[in-house]
């Protein structure tokens, strides 16, 4: 079992080996952010890692009616955010797993189960996961064709770069950029999109 | 088999023709009633005095009686208090059904407490009660029915409101859907009398605390003002023999009558609800009509409250402004938000109903008690629904 990752950000709604969706209440939507590394601990010691690829705020007929109203007093907005059973859906892309103290950048052997808890990884665990191997988990992100790859990558790399710098590994980010150039060498358009997005970090 | 649509379709033209004719008659009656309502001879004290006399003479009476404002009163929307507490409760129920494997009754009360001006999320709660087995049967041994369960639900709603009506953010307003008083058609059962007494006691305690309790009636259909006008037309000598079944102008609700009078956000005069006779409530209920619609599109609701509130006009203003603004939160279909949320919290879905039944059957089996069988009729109906 790895370091402390105590921030619970949701519970599993549905999952397969490649991705899963967790739900949380709107009031709990403070910690989760696009590109953040999170994980689910399974009972047998397996830890499944993922990157947040999308966050969806659901609605219903009452919310739609309130939206069309003239003005909504604060207490009624808070009622809908805190009390009503409208889960925020957090879509997570599987990027690897941990077992027996080792990190693997492969897809997990099996998906997590419904109602499993989803935790946000802290900086130490982010460094530990991203330091394992040679950026092998990038391929899971680059394989996406229905999500903004460059945005998820940029959000993730911004977090990871900072975490590594604080842990004395400023060269990690340079290595990550070089690896992306290699992985996208046959996809000029994709590479340009990623590099343009990464330019935001400079 | 679906509905035989061709048969229905054949009946539609004649139905629409008759409906049109009926509506034309109603329009004529409404105009006549409106003219009666405008009669300058209908002075406040004269109306009050005549209705009081009718009250004394008649065994059964259900009509409006003005309290202290002229009949044609229209009050503009007062300012909303900067801070107040609004508590709404609504209930739903599982009525015992002899066709199911086990007979049981569940009362589910949803409560929401909104502290306006606090900026905080409201407090919500759901209270679910499995009715004690001995309360499932009447003294004659029959299963209790819809009417009994409704009375128990109304009582449970009021208990919840009473418990919740404590706040340092005053004024405190409690709100229920429907009439403020609880009504019942049969008065012979001792248990019901006890339940009604408890409702009265709750209201007395709320009054002592200064809590404004109100009932909100959406799309009200009652003809209290029409009856009042009918009594005013009755010669004094015939008042003791007044028979409401022979009322000349019927079918025009108070809401239809007053939509001619009230502008958007305005309220009517305050009336007392004179309810005398079997099955009528026992609280002293006052009410006004409130236009929660927009200019040119009136939507009238009736707001009921205890008579003591009328003695303090500033409290009538509080009810007027709070309930109007509450309905305006859902302004495309105006209805108090708190009541809608209380209902949303309370509603028991069919899967929940079945789940509770399954829990009960399991528990009975574990306790070595026998669970009955679902009736064949109910089982086969279940096939049709799938």
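Protein chains in written order, with this note's numbering: chain A, 8 to 209; chain B, 12 to 397.
Virtual Cβ for every residue (Gly too), placed ideally from N, Cα, C.
**OP:** Can you give me the start and stop residues for the alpha helix (DSSP H) that residue 203 of chain A sits inside?
**Re:** 195–206
**OP:** Show which residues of chain A have a CB atom less than 9 Å away from the CB atom of residue 345 of chain B.
**Re:** By Cβ distance, chain A contributes nothing, its closest Cβ being about 10 Å from residue 345 of chain B, past 9 Å.
**OP:** Please determine, among A/200, A/33, A/162, A/58, the residue with the shortest C-alpha to C-alpha distance to residue 89 of chain A.
**Re:** A/33
**OP:** Determine whether the Cβ of residue 93 of chain B lies closer than 8 Å to any Cβ atom of chain A.
**Re:** no
**OP:** Inspect the CB distances between the segment 92–101 of chain A and the segment 56–66 of chain A and report whether three or more fall short of 8 Å.
**Re:** yes
Original post:
Any residues in the segment 131–143 of chain B with a beta carbon nearer than 7 Å to a beta carbon of chain A? Which ones, in chain order?
Top reply: 131, 132, 133, 135
**OP:** Flag residue 10 of chain A as yes if its beta-carbon sits less than 8 Å from any beta-carbon of chain B, otherwise no.
**Re:** Bear in mind that a pLDDT of 46 at residue 10 of chain A, under 50, signals an unreliable position, so the model cannot answer this.
Original post:
Is residue 126 of chain B close to chain A, meaning its C-beta is less than 8 Å from at least one C-beta of that chain?
Top reply: yes
Original post:
Below 8 Å, can you find three or more Cβ-Cβ pairs linking the segment 269–281 of chain B to the segment 254–261 of chain B?
Top reply: no
**OP:** State the DSSP-derived secondary structure class of residue 381 of chain B, mapped to helix, strand or coil.
**Re:** coil
**OP:** Measure from the C-beta of residue 352 of chain B to each C-beta in chain A and report whether the shortest distance is under 8 Å.
**Re:** yes
**OP:** Using three-state DSSP, classify residue 317 of chain B as helix, strand or coil.
**Re:** strand
Original post:
Under three-state DSSP, which class holds residue 297 of chain B?
Top reply: strand
Subject >> Test: residue 37 of chain A CB closer than 8 Å to a CB of chain B >> reply: no
Subject >> N- and C-terminal bounds of the beta strand (DSSP E) containing residue 98 of chain A >> reply: 95–106
Subject >> Assigned exposure category for residue 241 of chain B - 16 Cβ within 10 Å defines buried >> reply: buried
**OP:** Could you please give the first and the last residue of the uninterrupted beta strand (DSSP E) stretch that includes residue 122 of chain B?
**Re:** 117–127
Subject >> Among B/47, B/76, B/149, nearest to residue 287 of chain B - alpha-carbon criterion >> reply: B/76
Subject >> Three-state secondary structure (DSSP) of residue 359 of chain B >> reply: coil
**OP:** Please work out which residues of its chain come closer than 7 Å, Cβ to Cβ, to residue 382 of chain B, disregarding the five sequence neighbours upstream and downstream, and give them in chain order.
**Re:** 112, 113, 372, 375, 376
**OP:** Assign residue 199 of chain B to one of two classes, buried (16 or more other C-beta atoms within 10 Å of its C-beta) or exposed (fewer than that).
**Re:** Because the pLDDT at residue 199 of chain B is just 49, under 50, the model does not fix this residue reliably, and the point stays unresolved.
Original post:
Helix, strand or coil: which one does DSSP assign to residue 131 of chain B?
Top reply: coil
Original post:
Of all the CB atoms in chain A, is at least one closer than 8 Å to the CB of residue 186 of chain B?
Top reply: no
Original post:
Is the Cβ of residue 129 of chain B closer than 8 Å to any Cβ of chain A?
Top reply: yes
Original post:
Comparing alpha-carbon positions, which option in A/103, A/128, A/108 lies nearest residue 116 of chain A?
Top reply: A/103
Subject >> Residue environment, residue 183 of chain A, which counts as buried when at least 16 other CB atoms sit within 10 Å >> reply: buried
Original post:
Taking only beta-carbon atoms, is residue 198 of chain B less than 8 Å away from chain A?
Top reply: Confidence is the limiting factor: at residue 198 of chain B the pLDDT is only 46, short of 50, which leaves the residue's position unreliable, though a coordinate-based value still follows. Chain A, which has no Cβ nearer than 8 Å to the Cβ of residue 198 of chain B, makes this no.
**OP:** My understanding is that residue 207 of chain B touches residue 349 of chain B, with C-beta atoms under 8 Å, so please give their C-beta distance in whole angstroms.
**Re:** Not really, about 26 Å apart at Cβ, beyond 8 Å.
Subject >> Where residue 162 of chain A sits in the DSSP three-state scheme >> reply: helix
Original post:
Sorted by chain position, which residues of the same chain lie with C-beta nearer than 6 Å to residue 174 of chain A's C-beta, five sequence neighbours on each side aside?
Top reply: 134
Original post:
In chain B, which residues lie less than 8 Å from residue 137 of chain A when you measure between Cβ atoms?
Top reply: Here the premise fails: no neighbours, minimum Cβ distance about 38 Å.
Original post:
Just to confirm, are residue 191 of chain B and residue 320 of chain B a CB contact at a threshold of 8 Å?
Top reply: no
Subject >> CB of residue 95 of chain B within 8 Å of CB of residue 181 of chain B, strictly >> reply: yes
**OP:** Quick one: which residues of the segment 46–74 of chain A get their C-beta closer than 9 Å to a C-beta of chain B? List them in chain order.
**Re:** 69, 72, 73
Original post:
Would a C-beta distance cut-off of 8 Å place residue 119 of chain A and residue 27 of chain A closer than the cut-off?
Top reply: yes
Original post:
Looking at residue 91 of chain B and residue 303 of chain B, is the spacing between their C-beta atoms short of 8 Å?
Top reply: no
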